[in-house]
Structures are given as structure tokens and as C-alpha cells.
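If you read the protein sequences in the order shown, they are chains A and B.
Numbering (UniProt numbering) for the first sequence: 1 to 352.
Numbering (UniProt numbering) for the second sequence: 1 to 352.
Comments concern the structure below.
Number of protein chains: 2
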Amino acid sequence: MGSGGGDGDVPDNSGADTKVRTLADLARLAGVSAGTVSRALAGKSLVNAKTRERIQALAREHGFRPNQMASKLRSRRTGVVGVVIPLGHEKRQQISDAFFLTLLGHLADELTESGYDLMLSRAIPDGSSDWLERMTGSGMVDGVLLIGQSDQFDVIEQVSASYRPLVAWGTCREGQHHCAVGTDNLAGGRMAAEHLIASGARRLAFLGETLGIEIEERHRGVAAAAAEAGVDLLHIPISLASAEMGAQIKAATEENEHDVDGIVAASDLIAMNVLHCLHEQERRIPDDTQVIGFDDLPLAQLTMPPLTTIRQEIAIGAKAMVDKLKARIAGEEPAGLKMPPRLVQRGTTRPV
Amino acid sequence: MGSGGGDGDVPDNSGADTKVRTLADLARLAGVSAGTVSRALAGKSLVNAKTRERIQALAREHGFRPNQMASKLRSRRTGVVGVVIPLGHEKRQQISDAFFLTLLGHLADELTESGYDLMLSRAIPDGSSDWLERMTGSGMVDGVLLIGQSDQFDVIEQVSASYRPLVAWGTCREGQHHCAVGTDNLAGGRMAAEHLIASGARRLAFLGETLGIEIEERHRGVAAAAAEAGVDLLHIPISLASAEMGAQIKAATEENEHDVDGIVAASDLIAMNVLHCLHEQERRIPDDTQVIGFDDLPLAQLTMPPLTTIRQEIAIGAKAMVDKLKARIAGEEPAGLKMPPRLVQRGTTRPV
DNA sequence: GTCCACCATACAAACGATTGTAGACGCCGA
DNA sequence: TCGGCGTCTACAATCGTTTGTATGGTGGAC
Numbered sequence: 001m002g003s004g005g006g007d008g009d010v011p012d013n014s015g016a017d018t019k020v021r022t023l024a025d026l027a028r029l030a031g032v033s034a035g036t037v038s039r040a041l042a043g044k045s046l047v048n049a050k051t052r053e054r055i056q057a058l059a060r061e062h063g064f065r066p067n068q069m070a071s072k073l074r075s076r077r078t079g080v081v082g083v084v085i086p087l088g089h090e091k092r093q094q095i096s097d098a099f100f101l102t103l104l105g106h107l108a109d110e111l112t113e114s115g116y117d118l119m120l121s122r123a124i125p126d127g128s129s130d131w132l133e134r135m136t137g138s139g140m141v142d143g144v145l146l147i148g149q150s151d152q153f154d155v156i157e158q159v160s161a162s163y164r165p166l167v168a169w170g171t172c173r174e175g176q177h178h179c180a181v182g183t184d185n186l187a188g189g190r191m192a193a194e195h196l197i198a199s200g201a202r203r204l205a206f207l208g209e210t211l212g213i214e215i216e217e218r219h220r221g222v223a224a225a226a227a228e229a230g231v232d233l234l235h236i237p238i239s240l241a242s243a244e245m246g247a248q249i250k251a252a253t254e255e256n257e258h259d260v261d262g263i264v265a266a267s268d269l270i271a272m273n274v275l276h277c278l279h280e281q282e283r284r285i286p287d288d289t290q291v292i293g294f295d296d297l298p299l300a301q302l303t304m305p306p307l308t309t310i311r312q313e314i315a316i317g318a319k320a321m322v323d324k325l326k327a328r329i330a331g332e333e334p335a336g337l338k339m340p341p342r343l344v345q346r347g348t349t350r351p352v
Numbered sequence: 001m002g003s004g005g006g007d008g009d010v011p012d013n014s015g016a017d018t019k020v021r022t023l024a025d026l027a028r029l030a031g032v033s034a035g036t037v038s039r040a041l042a043g044k045s046l047v048n049a050k051t052r053e054r055i056q057a058l059a060r061e062h063g064f065r066p067n068q069m070a071s072k073l074r075s076r077r078t079g080v081v082g083v084v085i086p087l088g089h090e091k092r093q094q095i096s097d098a099f100f101l102t103l104l105g106h107l108a109d110e111l112t113e114s115g116y117d118l119m120l121s122r123a124i125p126d127g128s129s130d131w132l133e134r135m136t137g138s139g140m141v142d143g144v145l146l147i148g149q150s151d152q153f154d155v156i157e158q159v160s161a162s163y164r165p166l167v168a169w170g171t172c173r174e175g176q177h178h179c180a181v182g183t184d185n186l187a188g189g190r191m192a193a194e195h196l197i198a199s200g201a202r203r204l205a206f207l208g209e210t211l212g213i214e215i216e217e218r219h220r221g222v223a224a225a226a227a228e229a230g231v232d233l234l235h236i237p238i239s240l241a242s243a244e245m246g247a248q249i250k251a252a253t254e255e256n257e258h259d260v261d262g263i264v265a266a267s268d269l270i271a272m273n274v275l276h277c278l279h280e281q282e283r284r285i286p287d288d289t290q291v292i293g294f295d296d297l298p299l300a301q302l303t304m305p306p307l308t309t310i311r312q313e314i315a316i317g318a319k320a321m322v323d324k325l326k327a328r329i330a331g332e333e334p335a336g337l338k339m340p341p342r343l344v345q346r347g348t349t350r351p352v
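In C-alpha cells form, the structure reads like this:
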């Protein structure tokens, strides 16, 4: 009363000058109560249309917007989705993986479309489930999206037992508890190997470390196909972090250049590096060595020759993740989605 | 007392069963007041060390963590930094730009390191300054980082007049009000053009639309160098969105194949596409046509031949942005940073 | 003319934490 | 034994909204 009421006293500094920070401030200016202002700004029909517009105009004029923290606290709905990237194996990995970044971009687009904000968290698992519960248990988000499962399958499984609005990208195992959207990596790996074998490869190599569950399945698929066809398979555990990748691949390709004629790379990025190294060693692609990638990032079309790869439907997957999360936030329990991979034949393998 | 103390009474359902969601719940269990629990969990020295540890153990046991919304509301400090990507020109652009995504990754790393969470927002400017003020005015974040300025220089300038903790990536103009960290694009463009001219190019082309201020400056730099040397310069406004880029570049390179012998691409991604198209047209690089990119993304090393490009120090820039933002949050007013570009000579230009 | 219904607004109680301050308790010296 | 002092804890106000309910006023029907 005493301090605030500058309305009538000094007409000078009345209007746009005094900073209006709270609903109460605006209410005083409009001559109504805070509750009414709240409803007016929310566009509720309980307030008179004329009053509503007057208040909205006033708010616009003063550049006022309600404090989100207070709003979220009261309404117990944050309008925020947490997106966490578990950096499990590979402690030193930055968020620089091209696939994850691409997926993140699509998720951001989908979430924005649905009116959600996105809280990004780079999590480095430390043995406990803390890295995940920090997000789920904080009351800061309505739901959580996991970009990849890394080697944290068990933790995710455990947390999801009590925290329902959680959807992960990655492998969808039989009987698993949590909701996952991903590509059938086993089928993808098999598909890649079978393609190479069909087009004449006899000594295969799989490039990529299998600490993460997704990559491990790709490798299993490749191994299964190789075993069935009776061809050799070499596993070279290339790091997924792009910083180390280059040197490791260089070493690997030089060392094994004598006997490998078909390479399955765990990702397109590895494949690009392989292409580069093979080219330096003047191996002809696909004549001397065939190469096949995984992901089908936009870049795959731009290599020379263009990269044959196993396509993951990132955009579709991102949309599915967001849709399923929204359903879970609403209390439903949609099942996971295992998308079939697709072979995109380009120039680094011989046509069958 | 009556309800909570299951320790001795019924050892069965005593502990982890009853859900403890609030400080008050935990306080009841511990037989202390909520205030004490709050201080204990915050590690304050005002509570007895023994009590503190007992409470912390209890919290751990029940998987309790304080509601962040309430905490942030009361303490008026969110521990969150907003990162917004303005999609000004190019309404249909997804967050898929490789450079922005890379910068985002580094920002995420730096912010995590500093204990901040990251709130990502894809903003589509609509003529007003609403897209930015939605973030700055909401009380949701302690500060805002802008990934690129797009064509929104004026809006940013205006908002930053009253909202101090704001740092943008991008061009650092003379006399501008807001704090920006970025590469000297003018110098970069000039550097690229001078390099091409020095190595024999006489008919230059700049590929990339100049709606965004950064690209526009690169173009100006190229134009200045071209004018000084008296060589022709063609400007072909390629879209920055990767979806449309391919076709546009294909059309452009086919049309102009007769007279361009030096290409400055507005980004590495454009350069990669150019390489691809030129290769299809069986032009020899760098003998028939020289190409130079901008950014020096990790991919630039993997093209064939490896891409000559103007390097932007993304990691260093990200760190600078976060440092300056932290200083601004603390009330200081650090100046912007204009980093010198660096020419990385690889295989798509002739050595001088 | 009275009463009912109804619309618009005011009031006040949450939401769940943080934090200044007052008070309880134990310990010490006199 | 008592006062003073230093530690620790309880109490209560506060952050800024949202939302259920009470209340005031207006119009129409009988």
C-alpha cells in the first residue's frame, strides 16, 4: 500500500517506467486481482472478454511474462522434456557423435512442434543410477528421452520400473521393461554382411568397439551371417570418439590390408574414415575392398564413391520417440518400436 | 512420530516403502524440521555433522531429491542456461546444420563442466522479439546463449539492452551493444579469396545465400579481395538447409561449369556438395577448379581430396562463450571476442 | 416486486523448497 | 547454583503462480 501505489500520486512515472515483474504488479495496474490476471493471460473463459483483452494488452505493453518457475511449481507440469546422452563407455567422448547430434536435432524439432522445451544433459554414468535419476527425480521435467543406451541397459531398466515417462533410443530387446525406439541392429548387421558376401567378399572385418549394446548387436548380426556363409570375420574395436578414430583406423587398415575384402563399419563416420585410409593406400573401392556403413547420415551420399550403408530412419524414429513419450506422460503405456533397417546400395559395394 | 517411525515398530514396511516426496516427508522420518533437512542436504555447516550425515543417508536410501522447481523459485537462481538457435531466414530449416550442431555439442560440454543445465530452444523469429524474450523473460534461465544471429541482429541488440546475461555466437560489429563471440568472417572471406587468386584462380564464385549476417560478411570479404585483384566474382545463393542444398548446387555447378575456376563455399557442407558435383562432372580438383570451404569441421579432412578450408575455432569459441556468460551472470560486462580465422591448406586448392 | 440463476471477480490456500531469526539446550566459569 | 554464551534446531515468512470457492452484482421470468 504505502510504497507501491504510484498510480494516482505522480502521473509522471506511472506507466511503462515502473517495472512490472509479478502478476500482482500487473493486477494493481489493471485494477483487478492477481487471480484474474492469471486467468486472463491463460486465455481462460472465466474472465470477461473485454477485461481479458485489456489485461493482455497491458501485459504486452510492459513486456510482462509470468515466472515459469512459480507456474511450473504450482501447476506440477513443467512443459519440459529432458534429453540425456549417456556417455557410458568412452568417458572422454564429447557430445560430438554425428548420429546422436542428428537425432538430437530431429528430437528438438519434434518437441518444439509439440510445445515442449528441451533440457539437454550430457551424463557420464558413474556406476550408480544417479546420472539418470538426477533428471527423472528432480521434478524438472515431464519426461525423459534417452539418446542411446550405451552400456547402461540395467540402470535404465531399473529406473524405468518406477519412472514411466521414459523413452530410449536403441535396441528393443525381448522382454525388456522400458520403452525403446530403434533399429533392428541384429538384422542390420546381418543384412550388411549378407550383402557383402553376396557380392563376392570372402574375408570380412567389422570395425567398431562393441561396448555399447547397439553396436554389439550389429556385430552379432554380422558374425551370424559370416558363420552361416562360412567366411572369416575379423573384429577391430575402433573407438567411436572421432578424435581417436582416425589413427586407429589408419593403423587397422594398414595392418590388415592383405586379407580383408569386405568391411562393415559400425557407423557411417567410421566408414568415411575407412574410405579415406583405403584411398590413401590406393586400394580400389569397391573392386579391391568393399565397404558398408551404418546410419545413412546425409553425408553418406557425399563420399567418393557414395557410401553403401544400412539406413536408420532417424526422423521417423525421433517422431516415434516423442509420440510415445507424450502418450506416456498422459498415462498410457505404448510399446517400443523396432524399425527394420534398409540397405541403401551406392558405390562402395559391388552390385549383386 | 505416530506414522513415520517404523524403525522399531514394524521392521517390515518401515523404510523404502512409503514414498517420500518432499522435504517435510523426510523431516518427519528423521524427526527434525524441514528447514534442517534442507540445510543438511545442502551440506551447510549450521547443522550438526552427525545429523547431517544421518539425513543424507536417509535421503539416499529413499532416493529423495528436492524439487528443483520449488528450489529455483525460492532461491531465484535456476542453474540453467538457455541455448537458442534462431532460424530466421530459412523458415523450413531444421536444426540440422552441422556447424551449429557441433557448436552445440561443445557448449553442452562446457556448460556441464560448469555445473549448468542446458535448455535448448529452436526459435523461429516472427517479426517481433518474442522468440528471444520468451526465453530471457521467463525466469527460467540464468542466462542465454545464442547460436548464430541469423538476420535478427536488431532484435538481439534491443533485447540485450535490458537483459545482460546474453552472449551470441557470430559477428562482432563495431559499436554493437551485445556480447558476441565469433570468427572474423570478413577476414576469413578475404583470406579464402586471396588464397584462390594467389594460386591462379581468375573467375571466382561464392556459393551460399547471404541472408544471415555471418555469411554476408564472408561474401563481402571475398568480394573485396576479388575487386582488389580485378577478378570476376559470381554469387550463387545456395540455401543453407541441407535438404535443398544438393539440387541447387547441382544446378549451379552444371550451369557455370564453363567459366568458374575458384569456388568459395559459405560452409564446409556446401563445399562437400560442390566437390561431389564437380567430381560427377569429371572436373579435376584442384587442377580445373579449386574449392575452399569454411568452418573446418572434422569432416573436412575426410573428403577426397581433403578440403582446404577456413578454420573457425569452435571449441575455443564455445569455451569463451560460456566463460563470458558466467562473468555476465556474475554481473561483469566482458567484451566480445573476434577470433582470427586460419587457412587450412589441404587438397582442394593448389599450393601457392 | 421478488427471487433465482449466472456471470465476473476477489480471496486465500496451495505448490515445495530456502533462509533469517528466535529459542532450547548444554556447557562453562564464578 | 546461576548467568552467559555458543550450537543446533524449529518456526515462519517468502518466492510468484494457479485454482477452488465465496461473493457481489446484473438480468430475466414469474
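Beta carbons are placed, not taken as given, at the ideal position from N, Cα and C, and that holds for glycine.
Interface annotation, B:Lys-326: not in contact with chain A, CB-CB separation never under 8 Å. 8 Å or more divides the Cβ of B:Leu-103 from the Cβ of B:Pro-66. DSSP places B:Asp-117 in the strand class (E or B) of the three-state scheme.
Secondary structure note for B:Gly-293: its beta strand (DSSP E) is the uninterrupted segment 290 to 295. Between the alpha carbons of A:Thr-303 and A:Gln-345 lies a gap of roughly 13 Å.
Judged by DSSP in its simplified three-state form, A:Phe-100 adopts helix. Secondary structure of A:Thr-309 (DSSP, three-state): strand. From the beta-carbon of B:Pro-237, no residue of chain A is found nearer than 7 Å; the closest lies around 20 Å away.
Here the stretch 318 to 333 of chain B makes no contact with the stretch 280 to 290 of chain B; the two share fewer than three CB pairs at distances below 8 Å. Per the Cβ contact rule, the stretch 210 to 224 of chain A is not in contact with the stretch 248 to 257 of chain A (fewer than 3 Cβ pairs under 8 Å). Interface flag for A:Thr-112 against chain B is set, since a Cβ pair is found closer than 8 Å. Within a 10 Å sphere around the beta-carbon of A:His-177 sit fewer than 16 other beta-carbons, which makes this residue exposed. With respect to the 8 Å criterion, A:Val-20 and A:His-62 are classified as neighbours on the basis of their beta carbons.
A:Leu-325 and A:Arg-342 have their C-alpha atoms spaced approximately 25 Å apart. With a threshold of 8 Å between beta carbons, A:Asn-185 makes no contact with chain B. Assignment of B:Thr-112 by DSSP, reduced to helix, strand and coil, places it in the helix class. Note on geometry: alpha-carbon atoms of A:Ala-201 and A:Gly-148 lie some 31 Å from one another. When Cβ-Cβ separations below 8 Å define contact, A:Ala-108 makes contact with chain B. A:Gln-281 counts as exposed, since fewer than 16 other C-beta atoms from the protein chains shown sit within 10 angstroms of its C-beta.
Ranked by how close their Cα comes to the Cα of B:Met-245, the residues B:Glu-228, B:Ala-226, B:Asn-273 have B:Asn-273 in first place.
For A:Phe-153, there is no enclosing beta strand (DSSP E); the residue is found in the alpha helix (DSSP H) stretching over 153 to 162.
Residue contact check for B:Pro-298 against chain A: a CB pair falls below 8 Å.
Identification of residues in the stretch 42 to 71 of chain A having a C-beta nearer than 7 Å to some C-beta of chain B yields Gly-63, Arg-65, Asn-67, Gln-68, Met-69, Ala-70, given in sequence order.
Contact check between the stretch 305 to 313 of chain B and the stretch 176 to 196 of chain B: three or more CB pairs, one atom from each, fall below 8 Å, which counts as touching. A:Arg-39: member of the alpha helix (DSSP H) spanning 34 to 41, first to last residue.
Put simply, the CB of B:Asp-126 is far from chain A, with every gap to its CB atoms at 8 Å or more.
When 7 Å is used as the limit between beta carbons, A:Glu-157 is near no residue of chain B, the shortest such separation being about 16 Å. Residue contact check for A:Asp-287 against chain B: no CB pair falls below 8 Å.
For A:Met-321, the nearest beta carbon of chain B is not closer than 8 Å to its own beta carbon. With a beta-carbon spacing of about 6 Å, B:Pro-305 and B:Ile-285 fall inside the 8 Å limit used to define contacts.
Spanning the alpha carbons of A:Asp-296 and B:Leu-275 requires a straight line of approximately 19 Å. For the stretch 114 to 144 of chain B, the residues whose beta carbon sits under 8 Å from a beta carbon of chain A are, in order, Asp-117, Leu-118, Met-119, Leu-120, Ser-121, Arg-122, Glu-133, Arg-134, Gly-137, Ser-138, Gly-139, Met-140. Excluding sequence positions up to five before and after A:Arg-39, its CB lies within less than 6 Å of the CB of Leu-46, Val-47, all in the same chain and listed in chain order.
By the CB criterion at 8 Å, A:Gly-143 and A:Pro-165 fall inside the cutoff. Under a criterion of Cβ atoms nearer than 7 Å, the residues of chain B adjacent to A:Met-272 are, in order, Leu-302.
Between B:Leu-240 and B:Ala-205, the gap from beta carbon to beta carbon reaches 8 Å or more.
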